[in-house]
Amino acid sequence: MNIVRKDLDAVNAIISIELTPEDYNEDLLKAMKDCRKRADFKGFRPGMAPMSLVKKMYRKGLLVDLLDRKVGEAFNNYIKENNLNILGEPMPNETENVEEMDFDNETASFTFKFDIALAPEINASLTKKDKITHYTIKIDDATIDQQVKAYASQFGDFVEGEEIGAIDFVEGTLREMKDGAVDAQGLTVEAASLIPEYLKAEDQKALFVGKKKEKIVFNPAKAFDNEGELARFLKVSKEEAAVYTNDFEMEVTGIRHREDAKIDQALFDKAFGEGTVKSEEEFRTKIADEVIGKVYREDADYRFGIDAEKHFVARIEDSAFPVEFLKRWVRSNNQDITEEQLEKDFPMMLEGLKWQLIKDQIAKDADVKIEEEDIKAVAYEVARMRFAQYGMPNVPEEMAKNYGDKMLEEKKPEDIRNFYERAFENKVLAVIREKVTLVEKEISYEDFEKLFSNDAK
1 MNIVRKDLDA VNAIISIELT PEDYNEDLLK AMKDCRKRAD FKGFRPGMAP
51 MSLVKKMYRK GLLVDLLDRK VGEAFNNYIK ENNLNILGEP MPNETENVEE
101 MDFDNETASF TFKFDIALAP EINASLTKKD KITHYTIKID DATIDQQVKA
151 YASQFGDFVE GEEIGAIDFV EGTLREMKDG AVDAQGLTVE AASLIPEYLK
201 AEDQKALFVG KKKEKIVFNP AKAFDNEGEL ARFLKVSKEE AAVYTNDFEM
251 EVTGIRHRED AKIDQALFDK AFGEGTVKSE EEFRTKIADE VIGKVYREDA
301 DYRFGIDAEK HFVARIEDSA FPVEFLKRWV RSNNQDITEE QLEKDFPMML
351 EGLKWQLIKD QIAKDADVKI EEEDIKAVAY EVARMRFAQY GMPNVPEEMA
401 KNYGDKMLEE KKPEDIRNFY ERAFENKVLA VIREKVTLVE KEISYEDFEK
451 LFSNDAK
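Position 215, counted from 1, in the sequence shown is what my numbering calls 215; the numbers after and before it change by one each time, with no gaps.
Here's what the structure looks like:
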């Protein structure tokens, strides 16, 4: 086997891999013998077919598979042995002449050529001369007030109401109509329920708000914007739901209005656990430190990652990158992408690649290792975030861990990859924070949000 590397420039090269009969004949013969044992040839007992027949029928296919495997192994070994940092994946060479391969010739040698892209040398050293802003977001009373109100609403109770409000829970009996009257043969749904605010059509929502326990005529097919929601409301299958386009009469039998909880010890206990908070002042402090403060710290850390990326990517702005190869690689992996879309998206793709190379170098220099506990910590944090999205910002730690463990047990490739990448970035950013000079800056949340809108300009 002969492997030759031809450098076109500092970041582009061609790898040629030549296999002679000496490289593949022994393995090919073994593969044909194995095939002879397994194959069922009409007129011959198992394993007794002539080798000439096996060769005629299977040699070419076995050879192609064997060459593919040997070339892949040789390429990977060459990359490892020569410590090459390649970008993307090897692509079949399109610029140099390659002889047509004669797989029927038992004495033929085969040459495979691949274009590869090499990562440029980058400077990812960290010193105190590197200055990166680290924000502290101020927490104002108005934001605390909003969170107090959110807790009061979350832990409030439903009470019977007389008049329907936009966010009230409305219950009643549905009866299908036809020609302006209830259809005796139509669909009837007992204990149907809805919340006007969640109806997608404004004109249908308006039919409920302000009404009392009375009969209301509306059109469910217009009120709900997809068949799934309509099917659940009418208590039928999705296929059946498509049939019901008529108006319905809803005889309202219940109006449940959510009443905010009082700001008292009962609310404190529900929000943070019994006896943890004993006064409204402590309640507000707890909210500031552990609810809003936690979110703001996470937001500030996220911003630090963006600013760190900008800082270090700017440092390698003049480094040569194999742009044309990378564009070709993107095209090959996304057949639907247009040239216009590629040109629009490529600068961001390239910046992401540069940042990844910088992180990899920082991790290598700092001997960063991702342990199982790091992956678990990210999974638990993702679990807490998902609960928070559903209005449960302070779930018990055991609940978050159980949910995180379940995600890990499911081993969905996308989840595991995301957990690893997030744990990796967390550790790299921790190294950066330790090694560079942090320029601490206090900022209002309003001005903090403007930083992101300024990024888009």
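Positions of the beta carbon are idealized from the N, C-alpha and C atoms, including for glycine.
In the structure shown, what three-state DSSP assignment does Ile-137 receive?
-> Taken through DSSP and simplified to helix, strand or coil, Ile-137 comes out as strand.
Pick out the complete alpha helix (DSSP H) segments inside the region 295-340, 4 residues or longer, and give them in chain order.
-> Within the region 295-340, the runs of alpha helix (DSSP H) at least 4 residues long that lie entirely inside it are, in chain order, 323-333.
Alpha carbon to alpha carbon, what distance is there between Phe-448 and His-134?
-> Near 11 Å, if we compare the C-alpha coordinates of Phe-448 and His-134.
What first and last residue would you give for the beta strand (DSSP E) that runs through Ile-195?
-> Looking at the DSSP string, Ile-195 is not in any beta strand (DSSP E), and its letter there is neither H nor E.
Looking at C-alpha atoms only, which residue of Val-182, Ile-17 and Pro-50 is the closest neighbour of Lys-33?
-> Here the closest residue by C-alpha is Pro-50.
Arg-284 beta carbon less than 9 Å from that of Ile-164 | Cβ distance not < 9 Å, so Ile-164 and Arg-284 don't count as in contact.
Three-state class that DSSP yields for Ile-263 in the structure shown | In the displayed model, Ile-263 falls within coil according to three-state DSSP, outside both helix and strand.
The beta strand (DSSP E) with Ile-432 in it runs from where to where?
-> Run containing Ile-432: none in the beta strand (DSSP E); it sits in the alpha helix (DSSP H), 413-435.
Could you tell me whether the region 247-255 touches the region 172-181, where touching means 3 or more Cβ pairs closer than 8 Å?
-> Remark: three or more beta-carbon pairs, one from each stretch, lie closer than 8 Å, so the region 247-255 and the region 172-181 are flagged as touching.
Ala-366 lies in the alpha helix (DSSP H); which residues open and close that run?
-> Segment: none, Ala-366 is in no alpha helix (DSSP H) and carries neither H nor E.
Leaving aside the five residues before and after Phe-169 along the sequence, list all residues of the same chain whose C-beta is less than 7 Å from its C-beta, in chain order.
-> Closer than 7 Å at Cβ, skipping near neighbours: Phe-158, Ser-193, Ile-195 and Arg-256.
Candidates Ala-142, Pro-90, Asp-360 and Leu-357, of which the one nearest Ser-332 by Cα = The shortest Cα separation from Ser-332 among Ala-142, Pro-90, Asp-360 and Leu-357 belongs to Pro-90.
Among the residues of its own chain, which have a CB less than 7 Å from the CB of Ile-139, if the five just before and after it don't count?
-> The residues Ala-288, Ile-292, Gly-293 and Tyr-296, in chain order, have a CB closer than 7 Å to that of Ile-139 in the same chain once the five nearest residues on each side in sequence are set aside.
Buried versus exposed, by CB contacts within 10 Å (16 or more), Ala-221 | It is buried - the Cβ of Ala-221 has at least 16 other Cβ atoms within 10 Å.
Alpha carbon to alpha carbon, how far is Met-1 from Pro-21?
-> For Met-1 and Pro-21, the gap between their C-alpha atoms comes out near 9 Å.
At which residues does the alpha helix (DSSP H) containing Asn-25 begin and terminate?
-> From DSSP, the alpha helix (DSSP H) with Asn-25 extends over 21-38.
Beta carbon of Lys-128 nearer than 9 Å to that of Lys-359 = The Cβ atoms of Lys-128 and Lys-359 lie no closer than 9 Å to each other.
When the Cβ atoms of the region 214-229 are set against those of the region 117-128, are three or more pairs found closer than 8 Å?
-> No, the region 214-229 is not in contact with the region 117-128.
Does DSSP classify Glu-155 as helix, strand or coil?
-> Checking the sequence shown, residue 155 turns out to be Phe, not Glu. Of the three classes helix, strand and coil, the one that applies to Phe-155 here is coil, per DSSP.
Option in Gly-156, Asn-246 and Ile-14 with minimal Cα separation from Ala-181 = Answer by Cα proximity: Asn-246.
Go through the region 183-244 residue by residue and report every complete run of the beta strand (DSSP E) that reaches 3 residues or more, in order.
-> Listed in chain order, the complete beta strand (DSSP E) runs (minimum 3 residues) inside the region 183-244 are 188-194 and 215-218.
When you compare only the Cα positions, how much space is there between Glu-99 and Thr-111?
-> Here the alpha carbon of Glu-99 sits roughly 8 Å from the alpha carbon of Thr-111.
Would you mind stating whether Asn-85 and Leu-357 have Cβ atoms separated by less than 9 Å?
-> The Cβ atoms of Asn-85 and Leu-357 sit closer than 9 Å to each other.
Are at least three pairs of beta-carbons, each pair with one atom in the region 361-376 and one in the region 415-428, less than 8 Å apart?
-> Contact holds: three or more Cβ-Cβ distances are below 8 Å.
Tell me whether Glu-162 sits in a helix, a strand or coil according to DSSP, three-state version.
-> Looking at Glu-162 - three-state DSSP - the assignment turns out to be coil, as it is neither helix nor strand.
Measure from the alpha carbon of Glu-458 to the alpha carbon of each residue in Phe-346, Glu-281 and Ala-266, then state which is nearest.
-> No information on residue 458 is available, as it lies outside the stretch 1 to 457 that the chain covers here.
For Ala-150, write down the residues that DSSP places opposite it in a beta bridge.
-> Beta-bridge partners assigned by DSSP to Ala-150: none are found.
DSSP beta-bridge partners for Asp-475?
-> Since the first residue shown for the chain is 1 and the last is 457, residue 475 is missing from the structure and cannot be characterised.
Under 8 Å from any heavy atom of the ligand FMN, does the C-beta of Ala-191 make it?
-> This structure lacks the ligand FMN; in fact it carries no ligand of any kind.
Leaving aside the five residues before and after Val-431 along the sequence, list all residues of the same chain whose C-beta is less than 8 Å from its C-beta, in chain order.
-> If we look at Val-431 and ignore the five residues flanking it on each side, its Cβ neighbours are Leu-126, Ile-362, Ala-363, Ala-366 and Val-368.
How far does the beta strand (DSSP E) with Thr-173 in it reach, from first residue to last?
-> Residues 169-178.
Return the bridge partner residues of Phe-114 from the DSSP annotation.
-> According to DSSP, Phe-114 bridges with Ile-15 and Pro-92.
Could you tell me whether the Cβ atoms of Trp-355 and Gly-88 are closer together than 9 Å?
-> Cβ atoms of Trp-355 and Gly-88: not closer than 9 Å.
State the beta-bridge partners of Met-250 as determined by DSSP.
-> Leu-174 and Ile-216, per the DSSP bridge assignment.
Nearest to Ala-39 by CA position, among Met-57, Gly-210, Glu-239 and Leu-29, is which residue?
-> For the set Met-57, Gly-210, Glu-239 and Leu-29, the Cα lying nearest the Cα of Ala-39 is the one of Met-57.
Can you give the Cα-Cα distance for Leu-458 and Lys-178, rounded to whole angstroms?
-> Lying outside 1 to 457, the shown extent of the chain, residue 458 is not represented and no answer is given.
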